[in-house]
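S.K.:
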Amino acid sequence: DEPAELRRRVTSPHGTTHAAISTFDDHGVDAALRAGVEAAARRSAELSAS
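Letter by letter, the sequence shown follows residues 27 to 76 in the working numbering.
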């Protein structure tokens, strides 16, 4: 299953997790997390090369 479908199946409608995820979506947290993971991976490669 897709992550969004799994999330939908385990998140109570209008519950606390739903409120948090909706806020994350509204503020672009997904893009920020992706950018952070990519930056960490690049830095890890730099550190392992030296």
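Where a beta carbon is used, it is the ideal one built from N, C-alpha and C, also for glycine.
(1) Using the Cα positions of S70 and P39, report the straight-line distance between them to the nearest angstrom.
(2) Determine the direct distance from the alpha carbon of G62 to that of S76, and round the result to whole angstroms.
(3) If we call anything under 7 angstroms between Cβ atoms a contact, is T37 one with T43?
(4) Under the assumption that R33 contacts I47 (Cβ atoms under 8 angstroms), give the Cβ distance between them as a whole number of angstroms.
(5) In this structure, how does DSSP classify P29 when only helix, strand and coil are distinguished?
M.R.: Inspection of the coordinates gives the following:
(1) 39 angstroms
(2) Rounded to the nearest whole angstrom, the C-alpha separation of S76 and G62 is 22 angstroms.
(3) yes
(4) 7 angstroms
(5) helix
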